[in-house]
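To start, the structure itself, in structure tokens.
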Amino acid sequence: MVKKIRVLIAKPGLDGHDRGAKVVARALRDAGMEVIYTGLHQTADMVVQTAIQEDVDVVGLSLLSGAHMTLFIDVLELIKDRKMDDVLVIGGGIVPEGDVLKLKEAGMKGVFGPGTSIEEMVDFIKENVRK
Amino acid sequence: MSELAERVLSGDPRAIARLISYSEDGDPRGAEEMKVIHPKAGNAYVIGVTGVMGAGKSTLVCEMARELRRRGKTVGIVAVDPTSPFSGGALLGDRIRMNELVSDEGIFIRSMGTRGMLGGLASAVFDAVEILDASGKDVVIVETVGVGQAEVDIIKIADTTMVVLVPGLGDSIQTIKAGIMEIADIFVVNKADRPGIERTVAELESLIDLSHGPGIRRVPVLQTTAKDSKGVTELLDEVNAHEAYIRSSGRFDERRKARYQAELVEIIRKRLMTLIFDEDKFKGRIESLLERIQQKEMDPYSAAEEILAKLLK
């Protein structure tokens, strides 16, 4: 029996810059994971519904617009409400250090800024995903 | 009754999703739950959607689901995308075209990687269809990977199979008479707003002329422009007509029997593969057999016979 890691890569909100999300999606695929990519303009509710139906192990949110303290937090709260404690939530984008701390307090396990290597992200997921 | 199966039967999305995962991963817990839900499945009508890459299958599936919801039906969708043969990973992107369905509780969408299957489906599609069926969905739509000519597994599972084409395939239609051109219960020419639509439809019709004879239902050719929701109502009416046809002619029961046969074969195949290739007692042995085959000290047939003999002992 081989448990494959399933990852949802989602872009919440109105930010239309999806190059980063696509690069990450491809890289995780190349690392042997199944990546569900939903495209742009996801609401928090859409992210969580998709995460449930796809039974993902990881939710990866990407945002470059600066609205992460609203949009990431909305997703984190919904996930907490639904008691999806076994889902690893990570984020990527331009996130100032102070916000990183707050996001981690809100339940985001990893926040990856510019310059993060693909290996770092893959290793983080493999180490922290539900076993 | 086990808790997970009970939750699946009550329609709980998280239970449905988890049981599908068990099936995909070959988790033994899944088999026990599947035994419980089987008697409750069999009511959903299964529509298969296959066709060439970029034909607009996902958009069409989305539009069909919306129309089915307008008709008061609940819908399950299983969308298959290819798994990389090198990394084992997959990029599953069918949902990009289905975003507007996500917030509707009457719809459940699941993306799946082929994980080594070659016929355009994933092995777990059989279970996923049965799970969505048992959970109470009225219609289950299965979307295959973008196919070439020979990926025809969809007919093992669908009650009605649609083959989706686009204008501009030109003479190529003539050359692909076998394979996917033979499995259609309905032909759909999507992107009907594009140039070349008349010619593509005419070529399809003349192809159908060749295979069609007295007493045989003529396969209809429908035109859709899924992005503008055009032709979808007519398409679903045609599905209803096909359902009436197969139910009245006895073909419905034949198809369901063929589905269970395919599923049975698939379960046995998977278990045998696991027995042979994942079990420790064979592991070292297979390596040494491979070595000998490569050195020409043995041939693959004798090696296979040796493995099967040991298995049956």
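Top line first, the protein sequences correspond to chains A and B. Numbers 1183 to 1313, taken from this note's numbering, label the letters of the first sequence in order. Numbers 2 to 314, taken from this note's numbering, label the letters of the second sequence in order. Glycine included, each C-beta is placed from N, C-alpha and C at the ideal position.
Whose Cβ in chain B lies nearer than 8 Å to the Cβ of residue i?
i	result
residue 1201 of chain A	Neighbours of residue 1201 of chain A on chain B: none; closest Cβ ~15 Å, over 8 Å.
residue 1214 of chain A	88, 89, 90
residue 1298 of chain A	Ordered by position in chain B, no residue passes the 8 Å Cβ test against residue 1298 of chain A, which lies about 19 Å from the chain.
residue 1208 of chain A	92
So residue i contacts chain A; which residues on that side make the cut at Cβ distance below 7 Å?
i	result
residue 44 of chain B	Here the premise fails: no neighbours, minimum Cβ distance about 21 Å.
residue 121 of chain B	None at all; the shortest Cβ gap to chain A is about 17 Å.
residue 14 of chain B	1234, 1235
residue 111 of chain B	1235, 1236
How should residue i be labelled, buried or exposed, when 16 other C-beta atoms within 10 angstroms of its C-beta is the threshold for buried?
i	result
residue 192 of chain B	buried
residue 17 of chain B	buried
residue 1193 of chain A	buried
residue 136 of chain B	buried
residue 87 of chain B	exposed
residue 1226 of chain A	buried
residue 219 of chain B	exposed
residue 34 of chain B	buried
residue 1215 of chain A	buried
residue 258 of chain B	exposed
residue 245 of chain B	exposed
residue 1261 of chain A	buried
residue 1224 of chain A	buried
residue 305 of chain B	exposed
residue 1252 of chain A	exposed
residue 118 of chain B	buried
Nearest by alpha-carbon distance to residue i: which of the options is it?
i	options	result
residue 124 of chain B	B:92, B:7, B:43, B:157	B:157
residue 61 of chain B	B:250, B:190, B:297	B:190
residue 106 of chain B	A:1201, A:1203, A:1199, A:1228	A:1228
residue 311 of chain B	B:295, B:277, B:292	B:277
residue 1268 of chain A	A:1295, A:1254, A:1294, A:1290	A:1290
residue 90 of chain B	A:1208, A:1244, A:1299	A:1208
residue 228 of chain B	B:43, B:101, B:23	B:101
residue 81 of chain B	B:104, B:68, B:50, B:71	B:50
residue 25 of chain B	B:116, B:143, B:170	B:116
residue 15 of chain B	B:53, B:71, B:98, B:133	B:133
residue 114 of chain B	B:129, B:104, B:292	B:129
residue 1305 of chain A	A:1186, A:1184, A:1210, A:1191	A:1210
residue 59 of chain B	B:4, B:95, B:46, B:216	B:95
residue 1186 of chain A	B:5, B:4, B:11, B:21	B:21
Can you pull the chain A residues whose beta carbon is under 8 Å from the beta carbon of residue i, in chain order?
i	result
residue 10 of chain B	By Cβ distance, chain A contributes nothing, its closest Cβ being about 17 Å from residue 10 of chain B, past 8 Å.
residue 18 of chain B	1234, 1235, 1236, 1237
residue 186 of chain B	Those do not exist, as residue 186 of chain B stays about 28 Å from chain A at its closest Cβ, beyond 8 Å.
residue 21 of chain B	1237
residue 107 of chain B	Correct list: empty, because the minimum Cβ distance to chain A is about 12 Å.
Measure the alpha-carbon distance for residue i versus residue j and round it to whole angstroms.
i	j	result
residue 1197 of chain A	residue 1242 of chain A	15 Å
residue 74 of chain B	residue 138 of chain B	8 Å
residue 264 of chain B	residue 274 of chain B	15 Å
residue 204 of chain B	residue 185 of chain B	15 Å
residue 256 of chain B	residue 160 of chain B	7 Å
residue 180 of chain B	residue 152 of chain B	7 Å
residue 110 of chain B	residue 1232 of chain A	8 Å
residue 1273 of chain A	residue 1254 of chain A	8 Å
residue 1212 of chain A	residue 1204 of chain A	12 Å
residue 1202 of chain A	residue 1293 of chain A	14 Å
residue 99 of chain B	residue 1277 of chain A	30 Å
residue 198 of chain B	residue 170 of chain B	10 Å
residue 1190 of chain A	residue 37 of chain B	30 Å
residue 271 of chain B	residue 280 of chain B	13 Å
residue 120 of chain B	residue 83 of chain B	11 Å
residue 112 of chain B	residue 237 of chain B	23 Å
Which residues of chain A have a Cβ atom closer than 9 Å to the Cβ of residue i, listed in chain order?
i	result
residue 55 of chain B	What residue 55 of chain B touches in chain A: nothing, since even the nearest Cβ is about 16 Å away.
Name the chain B residues whose beta carbon is nearer than 7 Å to that of residue i?
i	result
residue 1220 of chain A	96, 97, 100
In chain B, which residues lie with their C-beta within 9 Å of the C-beta of residue i?
i	result
residue 1227 of chain A	103, 104
Which residues in chain C sit within 9 Å of residue i, going by Cβ to Cβ distance?
i	result
residue 85 of chain B	Given the protein chain composition of this structure (A and B), no chain C is represented.
Practice task
Output the residue ranges of the alpha helix (DSSP H) runs that lie fully inside the region 192-229 of chain B and measure 4 residues or longer, sorted by chain position.
Solution key: 198-212
Practice task
Could you name each continuous beta strand (DSSP E) segment of 3 residues or more that falls completely within the region 25-72 of chain B, going from the start of the chain to the end?
Solution key: 46-52
Exercise for the section: Let me know the alpha helix (DSSP H) ranges lying completely inside the region 1195-1230 of chain A, each 4 residues or longer, listed in chain order. Expected result: Correct list: 1201-1212.
Practice task
Output the residue ranges of the alpha helix (DSSP H) runs that lie fully inside the region 240-280 of chain B and measure 4 residues or longer, sorted by chain position.
Solution key: 252-274
Handout entry: Contiguous alpha helix (DSSP H) assignments of at least 4 residues, all confined to the region 1230-1288 of chain A
Key = 1250-1263, 1279-1287
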